Structure formats: C-alpha cells, structure tokens
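Student: The structure under discussion is supplied below as structure tokens; questions concerning it will follow.
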Amino acid sequence: MNFDLNEIFTAFMVLFAVIDIVGNIPIIIDLRNKVGHIQSEKASVIAGFIMILFLFVGQRLLGLIGIDVNSFAVAGSFILFFIALEMILGITLYKEDEDQALNATVFPLAFPLIAGPGSLTTLLSLRAEFDLMNIIIAVLLNVLVIYVVLKTSSRIEKMIGKNGIAIIRKIFGVILLAIAVKLFAANIKMLLA
C-alpha cells in the first residue's frame, strides 16, 4: 500500500466530477418533493458500498469475460469524455428511466444517480493508474461529501442558485475532460506497447 495525497486528491476530484452531486441538487430536491423524505445516511452508505464492492469485484468480473483493466480504462475514458461533454455543453447524451420508485433513497438516488455507470467505470479506470487504498480513501471522502450535500441540498441550492450550479458543472466538466484525455493517453500506451 502506497499512501499518496496527490493520488487521493486526484481520485477524489475525478469521482466528485463524475458523481456530480452538486449538479444533481435539482434532481435531489425534485425527488424529495415527490417522495417526502430521503434518508441521506442510507443513500450515502449504500452508494459507498456499491462503489467499493465494484472496485474489488469489477476487475474479477472483467477477468471472467477476458478484458484487461487497461482496455476497460480506455473504454472508461470515452465515458468520462462524454459525461464531460454533457456537463460543459448542457446536453443529455444518456438518459436514465425516470420511473417512480417506492424508495427513492436506494433507487434512483444511491443507484444509479450516485453509484451509476459513470462512477463505476471511473473506479476501474482509476484502479489501472492508482493504488487501491488511495482510491478507497477518495471514495470514502466522496461519500462524506455526498452525505453533507444530501443533508443540506435545499440550503445549497438557495445559496448558490441555479446559475452557480451551472457554472460549477461546467468547471468540473472541463476538469473531467482533461482527466479523460490523460486516462486515454496513459492506457492506450500500455495497450500498444
């Protein structure tokens, strides 16, 4: 295990940008209005559990179907690229079903809104580059941020405003785009070597 603050910070920022919990505040508020109450603690813990479980099991799953982590990381970089484009351009390339669920805390909040295809792909992509312990710490830090945002989503929206949320989404979109390019370049070299 190699504890590295730089890796933890980078992994944290990548996950933070992909999960986009601040950009999802309007969706969280809408869910809260529809179902009444969202259990912030439960949603955060379930999302964190899903992400950490996938971090460990995801690579074995890929091994069963004959895909190496570098190939998955290249594929993941494309997903990050498109998520970044959505954030920057304000378009929707991928849309989840918006069926009303009985328990919004687990579905669709914890999965797939927080621990969705983008964040799970990102975790395995990060695993190709970073130490496992640093990624786990980054996931736990994100779970903490998710919890705080879920608890204070109404106040954050009032404080930042819709324009503030839009600006934050675009800034993180540009960061995510740069990370996607770096991830692609680093892993494509490994595949071509």
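Numbering of the sequence shown is given in this note's numbering, commencing with residue 1 and proceeding in unit increments. All residues carry an ideal CB built from backbone N, CA and C; glycine is no exception. This one's a predicted model, so the numbers in the text were calculated from it and none came from an experiment.
Thinking just about the alpha-carbon of each residue, which of Val-174, Asn-163 and Ile-21 is nearest to the one in Val-145?
Tutor: Among Val-174, Asn-163 and Ile-21, the Cα nearest to that of Val-145 is on Ile-21.
Student: For Val-106, which three-state DSSP category applies?
Tutor: helix
Student: Assuming Leu-31 and Ile-38 are in contact, meaning their beta carbons sit under 8 Å apart, how far apart are those beta carbons, in whole angstroms?
Tutor: 6 Å
Student: Secondary structure at Leu-123, three-state DSSP: helix, strand or coil?
Tutor: DSSP places Leu-123 in helix when its eight states are reduced to three.
Student: Would you please state the rounded distance, in angstroms, between the beta carbons of Phe-111 and Leu-93? I believe it to be under 8 Å.
Tutor: With a Cβ gap of about 20 Å, Phe-111 and Leu-93 do not count as contacting.
Student: On the CB-based measure, 16 or more other CB atoms within 10 Å of its CB, does Ser-154 come out buried or exposed?
Tutor: exposed
Student: Would you call Val-74 buried or exposed, if buried means 16 or more other Cβ atoms sit within 10 Å of its Cβ?
Tutor: buried
Student: Could you compute how far the alpha carbon of Val-18 sits from the alpha carbon of Gly-76?
Tutor: 11 Å
Student: Looking at the unbroken alpha helix (DSSP H) that takes in Leu-15, where does it start and where does it end?
Tutor: Judged by DSSP secondary structure, Leu-15 falls within the alpha helix (DSSP H) whose first and last residues are 5-19.
Student: Could you pull the start and end residues of the alpha helix (DSSP H) that Leu-61 belongs to?
Tutor: 40-64
Student: Quick check: the Cα distance between Gly-66 and Gly-23, rounded to an integer number of angstroms?
Tutor: Taking the straight line joining both Cα atoms gives about 36 Å.
Student: At a cut-off of 6 Å, is Gln-39 close to the ligand SAH when judged by its beta-carbon and the heavy atoms of the ligand?
Tutor: With respect to the ligand SAH, the structure offers nothing, as it holds no ligand at all.
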